[in-house]
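Enquirer: Residue numbers (full-length UniProt numbering): 1 to 309. Quick reminder that beta carbons are idealized off the backbone N, C-alpha and C, glycines included.
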Ligand SMILES: C=C(O[C@@H]1C=C(C(=O)O)C=C[C@H]1O)C(=O)O
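#1: Report, in whole angstroms, the separation of the C-beta atoms of residue 100 and residue 56, which I expect to be a contact under 8 angstroms.
#2: In chain order, what residues of the same chain have a beta carbon less than 6 angstroms from the beta carbon of residue 45, not counting five sequence neighbours either side?
#3: Using the Cα positions of residue 256 and residue 201, report the straight-line distance between them to the nearest angstrom.
#4: For residue 106, which residues in the same chain have their Cβ closer than 6 angstroms to its Cβ, ignoring the five residues on either side in sequence?
#5: Which first and last residues belong to the beta strand (DSSP E) in which residue 150 is found?
#6: If I'm right that residue 210 touches residue 303 with Cβ under 8 angstroms, what's the distance once you round it to whole angstroms?
#7: With 16 as the cutoff for other CB atoms within 10 Å, does residue 294 come out buried or exposed?
#8: Would you report the Cα separation of residue 73 and residue 122, rounded to the nearest angstrom?
#9: Which residue from 41, 66, 126, 52 puts its Cα closest to that of residue 75?
#10: Does ligand 1 have even one heavy atom less than 8 angstroms from the beta-carbon of residue 122?
#11: For residue 303, which of helix, strand or coil comes out of DSSP?
#12: Report the residue from 67, 27, 261 whose alpha carbon sits nearest the alpha carbon of residue 15.
#13: Quick check on this structure: which residue in 47, 167, 291, 238 has the alpha carbon closest to the alpha carbon of residue 137?
#14: Out of curiosity, what's the CA-to-CA distance linking residue 185 and residue 120?
#15: Looking at the secondary structure, which residues open and close the beta strand (DSSP E) in which residue 83 lies?
#16: Would you say the beta carbon of residue 209 is closer than 8 angstroms to some non-hydrogen atom of ligand 1?
#17: If you run the structure through DSSP and keep just helix, strand and coil, what is residue 155?
#18: Taking the Cβ atom as the reference point for each residue, do residue 124 and residue 93 lie within a distance shorter than 9 angstroms?
#19: Can at least three beta-carbon pairs, one atom from the region 141-156 and one from the region 23-30, be found at a separation below 8 angstroms?
#20: With hydrogens ignored, establish whether the beta-carbon of residue 100 is closer than 8 angstroms to any heavy atom of ligand 1.
#21: Quick check: the Cα distance between residue 96 and residue 191, rounded to an integer number of angstroms?
#22: Verify the contact flag: residue 213, CB atom, against every heavy atom of ligand 1, threshold strictly below 8 angstroms.
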């Protein structure tokens, strides 16, 4: 095990438990929906702590977890976590950042300056890129989603070598090009990231948390089923052979290939409908965890992420 993230009805701090980074994120409101997200990899491991980031690695992969404590502003704390991540991957030599997750409590509430917490988080992330000279196109697939408490939990996966390709979706505007109406600094992440070990094309495709957005606009306001359909359509487009070819990758996938799904639903009463749609569209063998959380944009009702392995 390289790291463990528990999804449940409460949160915990960041810890190294038996050499494994660990935290619990408060991503749902019903204990029966709780589960542990366990990252496994073969080979000898070492672990450590670096400026509040608990990390573990093998020769090939690095997994790390950090947290910005609950407060009335988040930009500075977020910038500190992300500059810490950039510094750590540099020092350890695992420079291919492949996936990030950002679990943000009170994501749609206002901070002490009257700015939405999600936008405040985006400011901090963008400032860290500025500070370390990281190009927006270098940022991989991500999740930026709500929780019910605990500040901001950030975790990430990075690789030492191999092929990493960040993918966009032609149907959705590149996040870092969003217009200013979504906040003073844009979200910065790719729609998916392909990661393959050196000398092998046997890689994985990490799909960002994906919503009912076309261009930069939320579609089907108030209609969770139709937003869910557009999110699924967006995932299907990102992982399609046509899109992978556009990014220089000679393979292609369908929704039936996506596994390790996490589905975030804003309203408890929508959970059943979303579960039904996902059961129809994903493989019966896929694991699908449905969580009840707020979502970065107040008009988004559902987001879906997964991994093609
Ligand atoms: C809100 C969006 O995406 C969400 C926000 C993300 C982020 O800020 O890292 C990543 C994926 C989604 O959870 C969007 O696509 O506009």
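Expert: According to the structure shown:
#1: Actually they do not touch by this definition, with Cβ atoms about 16 angstroms apart.
#2: 56, 58
#3: 20 angstroms
#4: Excluding residues within five positions, the ones whose Cβ falls inside 6 angstroms are 117.
#5: Residue 150 -> no beta strand (DSSP E), and no H or E assigned at all.
#6: 6 angstroms
#7: buried
#8: In a straight line, the C-alpha of residue 73 is about 12 angstroms away from that of residue 122.
#9: 126
#10: Ligand 1 approaches residue 122 closely enough that one of its heavy atoms is under 8 angstroms from the residue's Cβ.
#11: strand
#12: 67
#13: If we check each option's Cα against that of residue 137, 167 comes out closest.
#14: 9 angstroms
#15: No beta strand (DSSP E) holds residue 83; the alpha helix (DSSP H) holding it covers 75-92.
#16: yes
#17: Note: residue 155 maps to strand in three-state DSSP.
#18: no
#19: yes
#20: yes
#21: Each residue's Cα considered, the two are about 16 angstroms apart.
#22: Yes, the beta carbon of residue 213 sits closer than 8 angstroms to at least one heavy atom of ligand 1.
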